[in-house]
Every structure is written in C-alpha cells, then in structure tokens.
Amino acid sequence: MTSNGPSSSGTTQGAEPTVVPRDVRLLHLIFATQGVQNYQDHVPLQLMDFAHRYTTSVLKDAVTYGDHARSSNGGNSANTTVNTDDIRLAIAAKTNYQFKPAPAKELMLELAHERNSKSLPPVIPKWGLNLPPEKYCLTAKDWDSLDEEKNDIEANKRRKN
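If you read the sequence shown in my numbering, its first letter stands for residue -6, the second for the next number, and so on.
Written as structure tokens, this is what we have:
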C-alpha cells in the first residue's frame, strides 16, 4: 500500500473525514518538497516515533547532565531546569556513539585490495561432498551411539554363547 502524500486526509464516499495529525501532514509536505512521491502509510508514523524516542532520550540525558553539573557546583539538584548547554552536551554525546559515519571510500578500497590480494586455496576435484577437515566437522559418531553399538555387540556375543 503506497500513499502519494496528504491525499489520505481527504474524505471518502459516505464516511466521516479522517483526522490526520499536524505532524503527519508536515511530514507529507516534507516528503513532497524533497521529491518523495511513493511511500507506505506507516512511514510518517515511524518517523514520528523515532523523533519522539530520540527527543525523550536527549532530554533525559540533558536533565542528568544538568543535575550532575549543578550538584558539583554546590547547587540544589532538585531543580530540574535544563539549559541549552545541557541539551548540546546530550546531543553531542548521543551523536558520538549512536550515529557512526560511513568509512571513507578510499579506506574501503584499500581494505578490499588488501583482502583480495590473498588468493583462495585451490579446490581439489574429487567425488562427493567437499567437507572441511575432520576436526571442524560435526560428523563424528555420538557417544550415545558408541555405547549403543557396544551394548549391541555384547548382547550378540551373549546370544551366540
């Protein structure tokens, strides 16, 4: 299901007009100005959810930083006012660990060239399935099956005797 912008806020035949929140309408307008024509209906809601969680997290961190700064200066920590410096610090702290920039293209090309310079080992043609060495396979007999085989062998010996 795709939406072509704010057309979903119109009326349908025989139904009441749907109420679209102001923030969703703003997101539809932002999409339209950026040239995004087709998107699913839940995309604006996901963006609003992300913005709410991010803002809440930044404000909680800013309150924590502000309380810590005021308590170390001998102030009253019961006051929960947040100033712009606290918010800037919270945003900078969150940006440093949450949003990592992509590595430079030159670095990635250099790493790829280094990795690709080592050739793969040759494949030995043989019949059947090519498995890694025995120590890396889980093809060994199970301890339980070894015990069962021993018991079966002993039972067969008793029957013969």
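For every residue, glycine included, the Cβ atom is placed at its ideal position computed from N, Cα and C.
Is residue i near the ligand SAM, in the sense that its beta carbon is under 6 Å from a heavy atom of that ligand?
i	result
F24	In terms of ligand content, the structure shown is empty, and the ligand SAM therefore cannot be addressed.
Suppose you measure from the CA of residue i to the CA of residue j; what does that come to, to the nearest Å?
i	j	result
L122	A85	54 Å
K128	K119	20 Å
T4	D16	Summary for T4: the model assigns pLDDT 45, below 50, so the residue's position carries little reliability, and this model does not support an answer.
N144	T132	22 Å
N31	S112	45 Å
E141	N109	49 Å
M41	V29	17 Å
E147	V116	44 Å
T74	S50	16 Å
R46	C130	46 Å
N155	K87	The structure shown does not extend to residue 155, since the chain spans only -6 to 154, so no value can be given for it.
P(-1)	A95	Interpretation of P(-1) is limited by its pLDDT of 49, a score under 50 that renders its predicted location unreliable; no figure is taken from the coordinates.
L104	T26	39 Å
T11	D34	14 Å
From this set, the options, which residue's C-alpha is nearest residue i's C-alpha?
i	options	result
L38	V29, R18, A25	R18
K53	K153, I80, N149	I80
A44	A25, T26, L20	L20
P114	P125, A105, K98, V29	P125
V155	F24, S110, P96, E103	Nothing can be reported for residue 155, as the shown portion of the chain is limited to -6 through 154.
Grouping DSSP H, G and I as helix and E and B as strand, with all else coil, what is residue i?
i	result
S50	helix
K150	helix
F92	coil
K119	coil
P37	helix
N76	coil
V17	helix
S64	helix
E142	helix
K111	coil
V12	coil
A97	coil
L22	helix
Margin query: Counting beta carbon pairs with one atom in the region 52 to 64 and one in the region 91 to 103, are three or more of them shorter than 8 Å?
Written below: No, the region 91 to 103 does not touch the region 52 to 64.
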